[in-house]
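These notes concern the structure reproduced below.
2 protein chains.
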Amino acid sequence: MTAEVKPAPLQLTERQEARRRRILHASARLASRGGFDAVQMREVAENSSVALGTLYRYFPSKVHLLVATMQDQLQHMHEALRKRPPTDQDAAARVAQTLMRAFRALQREPHLADAMVRALTFADRSVSPEVDTVSRLTTAIILDAMGLEGPPTPEQLSAVRVIEHTWHSALITWLSGRASIAQVKIDIETVCRLIDLTAPTPSSR
Amino acid sequence: MTAEVKPAPLQLTERQEARRRRILHASARLASRGGFDAVQMREVAENSSVALGTLYRYFPSKVHLLVATMQDQLQHMHEALRKRPPTDQDAAARVAQTLMRAFRALQREPHLADAMVRALTFADRSVSPEVDTVSRLTTAIILDAMGLEGPPTPEQLSAVRVIEHTWHSALITWLSGRASIAQVKIDIETVCRLIDLTAPTPSSR
DNA sequence: ACCCTCACTGGAACTCGTTCTAGGCTAGCG
DNA sequence: CGCTAGCCTAGAACGAGTTCCAGTGAGGGT
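Chains A and B are the protein sequences, given in the same order. Counting the first sequence from 1 gives a position; our numbering is that position plus 12. Counting the second sequence from 1 gives a position; our numbering is that position plus 12.
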């Protein structure tokens, strides 16, 4: 009945690591073409030279696969952003700048963005751990941009969560054509004001 | 000509209106039981004594159906909220209070909430008009809670959008078990500070 | 060398959203 | 009345995600 799903080998062999990469690559490529719908499990399997069953051993569902794809992409983005950190004086401005930069990166592959974000918000409890990882990555990016010295206060963490919420949701409204880029920009800037509000760093502590 | 999709009869007969109600009712009932997955089109059709094809004539997809269900529920909630408007002195607090009240209402039927919200964020362009309606309803609720006198400024509208983003996204994280209610409350309260921040009201600042 | 385990393969099978078809019913109109 | 348009019904059919199964092969332990 309740099949005890293998907890996925913690240590992958080289061949397995290669398979995993091929799968993620195929997933991203298909997603770039036609978004969520274009990522068809059979096709991902074929394109990565892996049997369908194997694909499901690596990623137990399409949503898992796409969320993992997002993790992958976020890693890259995080590194790219690290290399050219925002320069603005103001923390809020730095965060807004960073997010808009990320936004423009996603704009270049709107279908891929669509697939990943849709998967992310469609994910149910069974994907929580993976979604959480994505969330932590996003948090890390924002905290980096804030460039604060000490550890963030609970207040700041809440502000960061709100910014993340806004970021995801704004992305969705843009992807589904219900908001313009200008509007997204304004909303991002609006929400980033919370940073100044929760951290007038210069004197306290 | 191009795709000849019936634009849905603008004026429904009484029997048709009754059918529509039955469908929405069945949809909500099934959703309350088991969330998104439990809303199966065949079953909705059976439970509302309507042929599958007819169901699809009324709601062209499962997502359309669930978004319409959400419209319906939001209407009710809006009315309920109107009857007992929040009392707090502070606009931000009133909005936070209202949203938490709505939140607790959704808590009572977490599966239903899950189904509706998942549908909402999963919706693609073809559902934009309906999603937009839901968005407008939510906006109306928030603006009501703000209780402002004149028309809202663009700044305020942006703040309201951000609050909506946060609301949806926080709801999702709670539904997928990645955030506690306490956390949602904090985040809602955090984002509501934007209201005071953008308000041209004759108070401080 | 031999065997055993276990991941991988190819493909069938099942579910559920969605579409399509053929026929029946109703309402309005001559 | 009888006719014509639509709307509705029952049910088959199709597509994509997911599961299952029998067989194969390669690495590790003996």
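Glycine included, C-beta positions come from ideal geometry on N, C-alpha and C. All of these numbers come straight from a predicted model, not from anything done at the bench.
Burial state of A/HIS177 is buried, judged by a 10 Å Cβ sphere holding 16 or more other Cβ atoms. A straight-line Cα-Cα distance of about 16 Å links B/HIS123 and B/LEU86.
For A/GLN168, the uninterrupted alpha helix (DSSP H) run begins and ends at 166 to 187, by DSSP.
Within chain B, not a single residue places a beta-carbon under 7 Å from that of A/ASP100; the smallest gap is close to 20 Å. Below the 8 Å Cβ cutoff, chain B contributes ARG130, THR133, PHE134 as neighbours of A/PHE134, in chain order.
Taking 7 Å as the CB threshold, A/GLY159 stays off the interface with chain B. Residues of the same chain with a CB within less than 7 Å of the CB of A/GLY47, apart from the 5 flanking positions on each side, are HIS123, ASP126, ALA127 in chain order. The C-beta distance from A/ILE184 to A/VAL129 rounds to 6 Å, short enough to fall under 8 Å. Separation of B/GLN83 and B/ARG45 (C-alpha to C-alpha, rounded to the nearest whole angstrom) is 19 Å.
Spatial neighbours of A/ALA38 in its own chain (CB-CB distance under 7 Å, excluding positions within 5 residues in sequence) are listed in chain order as VAL56, ASN59, SER60. Straight-line spacing of the CA atoms in B/MET158 and A/LEU149 works out to 34 Å. At a cut-off of 7 Å between beta-carbon atoms, B/VAL146 makes no contact with chain A. For A/ASP156, the closest C-alpha among the options A/PRO97, A/VAL79, A/ARG34 is that of A/PRO97. Taking a Cβ-Cβ cut-off of 8 Å, the neighbours of A/ARG205 in chain B comprise LEU206, LEU209, given in sequence order. Within the stretch 174 to 185 of chain A, contact with chain B at the beta-carbon level (separation under 7 Å) is assigned to VAL174, HIS177, THR178, HIS180, SER181, ALA182, ILE184.
Under the rule that a run must span 4 or more residues, the alpha helix (DSSP H) segments found entirely inside the stretch 115 to 150 of chain A read 122 to 134. Look at B/ASP49 here: in three-state DSSP terms it is helix. Rounded to the nearest whole angstrom, the C-alpha separation of A/LEU42 and B/GLN119 is 38 Å.
Where B/GLU201 is concerned, the enclosing alpha helix (DSSP H) starts and stops at 193 to 210.
Taking 7 Å as the cut-off, the Cβ atoms of A/ILE200 and A/ALA104 do not count as close. In terms of Cβ geometry, B/THR210 and B/ALA152 do not form a close pair [threshold 7 Å].
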